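To start, the structure under review is shown below, and the notes come after it.
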Amino acid sequence: EAPEPRINGARVFGARPGNPVLFTVPATGVRPIAFAAKNLPEGLALDARTGVISGAVDAPGTYTVSLTAENAKGRTRRDWRLVVGERIALTPPLGWNSWHIYQSRVTDALVRRNALAMRDSGLVNHGWTYVNIDEGWTLYPGEIAKGARGRDAWGRIRTRPGFPDMKALADYIHSLGLKAGLYSSPGPTACGGSVGSWQYEWQDARSYADWGFDYLKYDWCSYDSVAQGTNGQDRAMRPFALMGRALRGQRRDIVFSANGAHPQWADSLGVNCWRTETDIRPSWSTVANAVDKEVGLEKYAGPGHWNDLDMMLVGEVGFGGKSCPSYLTPNEQYAHVSYWCLLSAPMLLGCDLAKLDAFTRNLLTNDEVLEVHQDALGRQAERVWKNGAVEVWAKDLEDGSMAVGLFNRGFLPEPVELDYKWLQIDGKHRIRDLWRQEDLGIFCPACGTKPFATELPGHGVQLIRLFPL
Numbered sequence: 028e029a030p031e032p033r034i035n036g037a038r039v040f041g042a043r044p045g046n047p048v049l050f051t052v053p054a055t056g057v058r059p060i061a062f063a064a065k066n067l068p069e070g071l072a073l074d075a076r077t078g079v080i081s082g083a084v085d086a087p088g089t090y091t092v093s094l095t096a097e098n099a100k101g102r103t104r105r106d107w108r109l110v111v112g113e114r115i116a117l118t119p120p121l122g123w124n125s126w127h128i129y130q131s132r133v134t135d136a137l138v139r140r141n142a143l144a145m146r147d148s149g150l151v152n153h154g155w156t157y158v159n160i161d162e163g164w165t166l167y168p169g170e171i172a173k174g175a176r177g178r179d180a181w182g183r184i185r186t187r188p189g190f191p192d193m194k195a196l197a198d199y200i201h202s203l204g205l206k207a208g209l210y211s212s213p214g215p216t217a218c219g220g221s222v223g224s225w226q227y228e229w230q231d232a233r234s235y236a237d238w239g240f241d242y243l244k245y246d247w248c249s250y251d252s253v254a255q256g257t258n259g260q261d262r263a264m265r266p267f268a269l270m271g272r273a274l275r276g277q278r279r280d281i282v283f284s285a286n287g288a289h290p291q292w293a294d295s296l297g298v299n300c301w302r303t304e305t306d307i308r309p310s311w312s313t314v315a316n317a318v319d320k321e322v323g324l325e326k327y328a329g330p331g332h333w334n335d336l337d338m339m340l341v342g343e344v345g346f347g348g349k350s351c352p353s354y355l356t357p358n359e360q361y362a363h364v365s366y367w368c369l370l371s372a373p374m375l376l377g378c379d380l381a382k383l384d385a386f387t388r389n390l391l392t393n394d395e396v397l398e399v400h401q402d403a404l405g406r407q408a409e410r411v412w413k414n415g416a417v418e419v420w421a422k423d424l425e426d427g428s429m430a431v432g433l434f435n436r437g438f439l440p441e442p443v444e445l446d447y448k449w450l451q452i453d454g455k456h457r458i459r460d461l462w463r464q465e466d467l468g469i470f471c472p473a474c475g476t477k478p479f480a481t482e483l484p485g486h487g488v489q490l491i492r493l494f495p496l
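Per our numbering, the very first residue in the sequence shown carries number 28; after that it's consecutive.
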């Protein structure tokens with residue numbers, strides 16, 4: 028990373044009127060960095076040392092704030108838009124989820140360890156934000172049978188011994204400039220059998236807000252066993268509509284992620300992210316299958332509502348109680364991250380953040396790649412061309428440029444020559460390789476220059492950005 032300051036991450040942020048705002052200005056460069064902001068709306072304050080913006084804004088509207096970051100090596104400025112209204116999650120979530128590495132063994136201490144690692148590794152300086160606890164924080168049947176009750180006399184959900192104080196945990200995560208997430212189910216139990224939210228949706232939403240959590244993953248699971256008297260679309264929509272109202276009724280912005288909601292109607296119920304694929308497994312084929320499901324779903328994605336392809340398979344991951352490096356090759360990991368960025372899918376890491384190796388950290392901190400993911404226009408890429416093992420995906424970006432991914436699904440290297448007709452563009456463009464962060468030249472097929480051409484390695488990608496000239 029360069030020693031001079033650079034402000035990274037999303038250029039737009041959504042908050043509801045009167046609800047708490049927490050945004051850490053993501054910035055790299057030699058520390059200490061002094062942060063400043065002009066035109067902050069009334070109700071917000073910036074910590075000049077940490078870059079954390081906090082407070083609340085009552086008046087709806089769009090506020091353009093001028094952010095600056097300065098250190099001994101230089102000074103930089105960037106505009107940041109705060110949109111106060113009914114939309115949150117204006118860019119896809121970036122964060123971590125406990126399931127792949129810990130499953131039901133997750134504890135308060137392990138969550139704190141990964142939250143601290145997200146900050147200390149510098150991921151927070153590139154826009155990584157959420158620290159999410161998956162299943163394992165509420166009681167399981169065997170624990171309830173030993174004398175503990177799943178809820179207290181007022182219906183408030185109880186936690187496992189490994190989570191003694193949920194508010195203290197959320198406060199700790201917030202103190203690092205990060206946000207906290209939880210997991211539940213609309214059924215009586217979650218997927219692994221722990222206590223779910225059925226018939227206690229409003230109590231649970233109130234608890235999440237009182238504790239200070241910012242994200243809820245809501246997993247269909249056992250709802251089938253209690254969904255009597257309903258069928259079809261109404262049966263599918265009902266539990267998400269109920270929890271959506273409960274979350275919206277709190278004086279806190281809680282991103283709502285649903286497994287089992289359908290892209291056609293999820294957004295209308297207040298769902299911000301919805302799974303479009305079953306649980307991803309540790310193999311390249313499941314990555315490819317998840318991507319294939321996205322063809323045609325781009326029309327449902329946009330600021331505040333995103334198609335979710337499941338968690339990331341990079342870094343030190345764990346399945347079946349074992350911890351090991353990613354099952355994907357380096358080329359497959361580049362392709363994995365490129366797909367999720369182009370598709371504007373939530374990126375939730377499933378690895379042990381305290382064991383980030385240099386390769387994985389570099390994979391997750393390339394700001395030119397992450398800009399494609401966090402672009403304020405909020406478009407999801409479309410597959411514009413496919414021939415055999417080679418396919419091309421493209422998405423428009425807010426500044427008028429275009430991000431394009433050229434992928435090779437096969438095992439052997441494949442040549443590809445980019446045809447502007449696939450992208451429905453013409454004229455002169457500067458093409459930049461985003462992973463290598465280098466310009467590849469000026470291309471204008473209509474002007475007589477050769478088209479852009481490259482050779483893709485097996486299961487590999489070239490992620491480029493075309494700037495019109």
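All C-beta atoms in this analysis are idealised placements derived from N, C-alpha and C, irrespective of residue type, glycine included. Here the structure is a predicted model, which is why all the values come from computation and not from measurement.
Terminal residues of the alpha helix (DSSP H) in which residue i lies
i    : result
W292 : Neither: W292 is in no alpha helix (DSSP H) and is coded neither H nor E.
R388 : A385 to L391
D335 : Note, D335: premise wrong, no alpha helix (DSSP H); beta strand (DSSP E) at W333 to D335.
W367 : P357 to L369
P584 : No statement about residue 584 is possible, as the shown extent of the chain runs from 28 to 496 and does not include it.
N141 : D135 to D147
S234 : E228 to W238
Y199 : M193 to S202
V253 : Unbroken run through V253: none, as it is neither H nor E.
V399 : D394 to H400
Beta-carbon proximity of residue i to residue j, cut-off 7 Å
i    : j    : result
L370 : E321 : yes
R410 : E418 : yes
E304 : L336 : yes
V111 : A37  : no
L490 : L461 : yes
T55  : N152 : yes
G297 : G323 : no
L94  : A142 : no
F190 : W164 : yes
S64  : V39  : Correcting the residue type first, residue 64 is Ala in the shown sequence and not Ser. Going by C-beta atoms, A64 is not nearer than 7 Å to V39.
Reference residue i; option with closest CA among the options
i    : options                   : result
N299 : R308, R176 and F283       : F283
F267 : P484, Q277, S428 and H289 : H289
Q277 : F190, F434, D237 and F494 : D237
R18  : T51, W181 and R114        : Lying outside 28 to 496, the shown extent of the chain, residue 18 is not represented and no answer is given.
R105 : I34, I80 and R58          : I34
M264 : S350, A232 and D294       : D294
R146 : R388, T91 and R436        : R388
A207 : P120, G214 and I184       : P120
V57  : V92, E97, A86 and L391    : E97
Q130 : L243, G259 and C218       : C218
F438 : P32, K477 and E359        : E359
L483 : L433, K448 and K422       : L433
G220 : Q230, G169, R178 and D453 : G169
A408 : I115, D319, S350 and L71  : D319
H400 : W420, L380 and S365       : S365
For residue i, the residue or residues it bridges with in DSSP
i    : result
W412 : V419
K244 : Y210 and S284
R105 : L94
Q489 : L433
T186 : T165
K173 : Its beta-bridge partners do not exist; DSSP assigns none.
S81  : L49 and A72
L375 : G122
M339 : L376
N152 : N152 is not bridged to any residue.
I469 : R457
Boundaries (first-last residue) of the beta strand (DSSP E) holding residue i
i    : result
E482 : A480 to L483
N316 : Per DSSP, N316 belongs to no beta strand (DSSP E); it is in the alpha helix (DSSP H), W311 to D319.
V39  : V39 to A42
P352 : K349 to P352
R302 : C300 to R302
At what residue ranges does the region 421 to 467 contain a whole run of the beta strand (DSSP E), taking only runs of 3 or more? 429 to 435, 441 to 444 and 456 to 460
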